[in-house]
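Novice: Numbering (UniProt numbering), first residue to last: 1 to 360.
Beta carbons are placed, not taken as given, at the ideal position from N, Cα and C, and that holds for glycine.
Here the structure is a predicted model, which is why all the values come from computation and not from measurement.
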Ligand SMILES: [Zn+2]
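1. Pull every residue with its beta-carbon under 7 Å away from any heavy atom of ligand 1, and keep them in chain order.
2. Quick check: the Cα distance between residue 349 and residue 280, rounded to an integer number of angstroms?
3. In chain order, what residues of the same chain lie with their CB nearer than 6 Å to the CB of residue 199, ignoring the 5 residues before and after it?
4. Please state whether DSSP places residue 178 in a helix, a strand or coil.
5. At which residues does the alpha helix (DSSP H) containing residue 335 begin and terminate?
6. What are the complete alpha helix (DSSP H) segments, minimum 4 residues, inside the region 229–256?
7. Applying the criterion that 16 or more other CB atoms from any shown protein chain within 10 Å of the CB defines a buried residue, is residue 237 buried or exposed?
8. Leaving out five residues before and five after residue 105 in sequence, what residues of the same chain have Cβ atoms less than 6 Å from its Cβ?
9. Just tell me which of 95, 145, 285 has its CA closest to the CA of residue 369.
10. Answer with buried or exposed for residue 216, where buried requires no fewer than 16 other C-beta atoms within 10 angstroms of its C-beta.
11. Looking at C-beta atoms only, is the number of pairs between the region 105–115 and the region 172–189 that lie closer than 8 Å three or more?
12. By DSSP, does residue 318 sit in helix, in strand, or in coil?
13. Can you name the start and end residues of the alpha helix (DSSP H) that residue 98 belongs to?
14. Kindly list the residues whose CB is nearer than 8 Å to the CB of residue 306, restricted to its own chain and excluding five residues on each side of it in sequence; keep chain order.
15. Which whole-angstrom value is the C-beta distance of residue 403 and residue 151, which I expect to be below 8 Å?
16. Check the C-beta distance from residue 107 over to residue 98 and give it rounded, since I have them as a contact under 8 Å.
17. Near residue 144, what residues of its chain come up, given a Cβ to Cβ distance below 6 Å and the 5 sequence neighbours on each side ignored?
Pasting the structure below:
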């Protein structure tokens with residue numbers, strides 16, 4: 001008998017999308033008395049009253065007392081228990097379809113996390129077939145791999161682990177304003193994302209990732225123009241104009257500094273003045289050269305620190321020259337150029353310049 005029932009039961013359970021490895025209370029092959037279940041794990045449905053009552057209780061005469069015998073409303077045999085919030089009713093589970101893939105999961109997995117998708121909670125009224133079977137699923141207008149990425153993130157059983165999967169998660173979570181998975185995707189991509197800086201900048205723009213923007217732009221600006229790749233131009237398109245323009249303005253500023261001489265107010269002996277000025281010119285040009293370095297240029301603010309450190313024990317004329325340069329803010333004028341340029345670039349990426357008050 002049980003051999004005949006076995007396949008029937010497996011069919012029934014597979015239709016319910018239950019994990020075949022998990023013994024179900026209905027599975028006759030697993031049917032063992034509750035008292036002998038390993039680890040004291042009791043399976044309620046198997047415990048019909050007959051196993052719970054003593055012989056004398058079963059022998060009670062019929063009458064008012066007998067009607068108090070267990071009914072569905074009677075106290076649970078194992079003591080009271082409340083339904084945890086992770087307790088899904090059949091009607092909470094929706095059949096969904098994205099592309100050629102079917103999914104079935106509790107609707108609150110998306111309605112509790114996505115404002116735009118909250119309306120899904122109301123799409124299948126009692127008399128509608130929508131979302132209640134594989135035949136009439138709710139259609140999700142997204143790539144199946146994006147929902148797969150979200151669901152694997154949500155269940156935590158097999159979370160995304162490749163750049164591609166995290167990008168799917170980033171895409172779907174951004175699209176439906178799901179902040180938590182989006183933040184996780186950004187963190188993961190920060191660690192494992194192996195894409196060019198221009199792609200990263202493009203992602204900043206596409207998904208409004210403000211935390212990436214300035215560091216990535218700064219690293220991208222540090223790349224010499226000749227090393228930009230065709231892919232960079234394809235990724236950034238017209239946004240490259242602002243970037244090249246800013247670099248040009250900075251270049252112009254540094255070269256102006258390099259070509260001009262800065263006259264020091266000399267306190268040395270008049271006969272030494274000419275040599276002193278020549279020494280200063282050579283010394284100062286070395287510092288400016290750091291700002292024009294082809295691979296690792298430093299900004300004016302750093303150059304000013306170098307100037308201050310190097311003139312600490314210098315002759316008086318040099319210290320006078322340094323004070324004058326610092327007072328006039330000659331080296332740090334690139335900051336204004338940067339603020340204006342980065343502000344314009346940020347706007348071309350869809351950000352407000354005010355989102356980045358700390359440009360250095
Ligand atoms: Zn001097």
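Specialist: Considering the structure as presented:
1. 264, 266, 267, 268, 272, 273, 276, 277, 315, 317
2. 43 Å
3. 235
4. coil
5. 333–348
6. 230–236
7. exposed
8. none
9. Here the chain comprises residues numbered 1 to 360, so residue 369 is not present and cannot be evaluated.
10. buried
11. yes
12. helix
13. No alpha helix (DSSP H) contains residue 98, which is instead part of the beta strand (DSSP E) from 93–98.
14. 287, 290, 298
15. What is shown of the chain runs 1 to 360, which leaves residue 403 out entirely.
16. Actually they do not touch by this definition, with Cβ atoms about 15 Å apart.
17. 98, 99, 101
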